[in-house]
Amino acid sequence: MPARKVAIIAEAERGRTPSAIVDLAALAAKLAENESVEVRWLVVGSNAADAGAELSGHTGYPAVALEIPSEVSLTGELLFEVLHPFLMDMRPDVIAFLHTSRSQDYVAALALTLDAACITGVQALVMQGDAPVFQRAVFGGKWVAGIQTDDRPVVLTVLPGYFKTDGTVKERGEVETKRPSLPATRTRLIETRESETEAALTQAQTIVAAGRGIGSEDNLDTIGRLSAIFPNQRWPDRVSSAMRVGCHTIARWGLPVPR
Amino acid sequence: MRILVCIKRVPDLESMTFPDTPPQSPSDIICEGTTWRMNRYDEYAIEAALQLRETHSASRIDALTVGDEDAVEVLRRAIGMGVDHGVHIQQPPEMFPSPFTIGKLIAAYAREQAYDLILCGVMSEDLMQGLVGPVIAGLLKWPCLTAIHTVNDQARAGVLRCEREIEGGRQEVLEVELPALLTIQSGIHTPRYPALSKLLRANKYPLEVLPAASLATPTGRQRVSAITLPERVRAGVMIEGTAESKARQLAKLFHAKGLC
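The listed protein sequences correspond, in order, to chains A and B.
Note that the first sequence covers residues 5 to 263 in our numbering.
Note that the second sequence covers residues 7 to 266 in our numbering.
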């Protein structure tokens, strides 16, 4: 049986990739527990070669670095245009992305191009015989759906934090650098800014969370008073809005805001 | 500007019961007493469309849903909110329809309609995939921006300026040329509540009804093979007693954990 080909996509900005990207290597390692896999990083962005060397050093998997000049803004549309010719050549069985707003812009288009399935928000992998079953939350996380794609290739977006590498140092794989042509696109990144009033959930020392158990929005003030007893208090600006749309809004798109 | 808003009827999660054992089959998920409503993110998408119409009075907004006869109720509500026209693609009920099938149906309809903009909710509250919108965009070969919370058309003609939250608490500002597809996150504008008189008028509005088979053939690509309970990673602590005793226990717990 030929090895299952796995491509892991990493977006690089000035040689840096999100720290959670190595989680995707853990997903590949999990697949490798049951079958032969051939894993390759596809690193796309500015100073992609540096990022590719670092990822390859951490994981031992070879990398293809697709260099995009730093003055060119990365949009989902551009990344689709750059990646899909390479993926058409490679024909991977599994293509893994970190689950981000930007990856959500174009993973479905890639799946359509590659005649692949597409599963978003993957948080676990189990094997059923020889077939991988990718698990994701449904119904607000109350249940987990196992999704199968039979023999079709699959594009995945993987939630950060669910797969963990073992941390062992591997022998660095090869890094091949390519400079793809950049087509004109219809989307343009104007700016990325730190929010004026918002801070990342990951920066909070203590998170006070409330769910349906608090009964009604009127009780949010109580949560605010509770959070006030903690040092470096942070209080979510849009919490009432989040209440209306369900707690997964905060969990998935997180907006804790210092006041 | 012609705008299409894709909407879905979903079970109200607060009305559902989630037993300790997973359902034997997908059809067992919905139990008696479950109420249904319009997906909340789709309400935000409708509101974003209505806000755009306020600056383009000539705009026309269509709402479209795919589903069985019961799905019509969300179209009526959309019309009550101010949407101009409702399109119902009739499809037998299915708990886990493939996003590729639904996307293909909507794209087949939209391709014939010369829309400038398609809006979808960022995801459905039940299946949480966030895929139908991007699939439609992929099939139409339109640019797609997901999880947008603010849209305005003040930059240039034929261009929308969109904002979204991205990872790390940052904001991204993007411009996109029309035609385009956006998926809308809960945002600045709270969806309007339709007046009773408008809802009553909406009940009489003739909807455009199309059988799914007239538009496209199903494209599965993937299937839900099992429903399981999420792994319990930690147990909660229940604090019992009077309000005063519970407050004391809670304070002790905070001190013990070094939280205050």
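Cβ atoms here follow ideal geometry from the backbone N, Cα and C, with glycine treated the same way.
Asked	Found
CB contact flag (B:Thr-248, B:Pro-28, <9 Å)	no
is_contact[B:Leu-213, chain A] using C-beta, thresh 9 Å	no
Whether A:Val-137 touches A:Gly-145 by CB criterion (9 Å)	no
B:Asp-76 and B:Arg-15 closer than 9 Å at C-beta	yes
Rounded C-alpha distance that separates A:Leu-59 from B:Ile-85	51 Å
A:Ser-105 burial status per 10 Å Cβ neighbour count (16 or more: buried)	buried
Partner residues on chain A for B:Ala-143, Cβ-Cβ distance less than 8 Å	Ala-112, Ala-113
Chain-ordered chain B contacts of A:Ile-194 [CB-CB under 8 Å]	Arg-167, Val-179, Leu-180, Glu-181
Interface residues of chain B facing A:Ile-123 [CB-CB closer than 7 Å]	Gln-228
Where B:Thr-223 meets chain A, residues with beta-carbon distance less than 7 Å	The premise fails here: B:Thr-223 is roughly 15 Å from chain A at the closest Cβ pair, so nothing lies under 7 Å.
Cβ neighbours of A:Gly-64 in the same chain (closer than 8 Å, five flanking residues each side left out)	Lys-174, Glu-175, Arg-176, Gly-177
Proximal residues, the region 85-104 of chain A versus chain B, C-beta separation under 8 Å	Thr-104
According to DSSP, residues forming a beta bridge with B:Asn-158	B:Arg-167
is_contact[B:Met-7, chain A] using C-beta, thresh 9 Å	no
C-beta neighbour in chain B for A:Lys-168, strict 9 Å	no
Alpha carbon of A:Thr-226 to alpha carbon of A:Ala-213, nearest angstrom	12 Å
Three CB pairs or more closer than 8 Å across the region 129-146 of chain B and the region 52-62 of chain B	no
Buried versus exposed, by CB contacts within 10 Å (16 or more), A:Ser-244	With a pLDDT of only 41 at A:Ser-244, under the threshold of 50, the placement of this residue in the model should not be trusted, and no figure is reported.
B:Tyr-199 classed as buried or exposed, judged by whether at least 16 other C-beta atoms fall within 10 angstroms	exposed
Beta-carbon proximity list for B:His-195, same chain, < 6 Å, skipping 5 on both sides	Glu-53, Gln-57
Cross-strand partners of A:Thr-181 (DSSP beta bridge)	A:Ala-69
Status (buried if at least 16 other CB within 10 Å, exposed otherwise) for A:Ile-218	exposed
Residue from B:Ala-262, B:Arg-43, B:Ala-218 with nearest C-alpha to B:Ser-21	B:Arg-43
Proximal residues of chain A, C-beta to C-beta of B:Gly-136 below 7 Å	Gln-108, Thr-124
Residue-chain proximity (B:Ser-231, chain A), Cβ-Cβ < 9 Å	yes
Beta carbon proximity, A:Glu-81 to chain B, threshold 9 Å	yes
A:Leu-31 at chain B interface by Cβ criterion, 9 Å	no
6 Å CB neighbourhood of B:Thr-40 in its chain, flanking five on each side removed	Pro-17, Ser-21, Met-22
Proximal chain A residues relative to B:Pro-140, where beta-carbon distance stays under 8 Å	Gln-108, Asp-109, Tyr-110, Val-111, Ala-112, Ala-113
CB-CB length for A:Phe-101 against A:Ile-13, believed under 8 Å	5 Å
DSSP state of A:Ile-227 mapped onto helix, strand, coil	helix
B:Glu-173 versus A:Leu-163: straight-line alpha-carbon distance, rounded	12 Å
Chain A contact for B:Leu-268 (CB, 9 Å cutoff)	Lying outside 7 to 266, the shown extent of chain B, residue 268 of chain B is not represented and no answer is given.
Cα-Cα separation, B:Val-179 to B:Met-101	36 Å
Proximal residues, the region 130-154 of chain A versus chain B, C-beta separation under 7 Å	Val-137, Ala-141, Val-142, Phe-143, Gly-144, Gly-145, Lys-146, Trp-147, Val-148, Ala-149, Gly-150, Ile-151, Gln-152, Thr-153
Proximity test, Cβ basis, 9 Å: B:Cys-150 and chain A	yes
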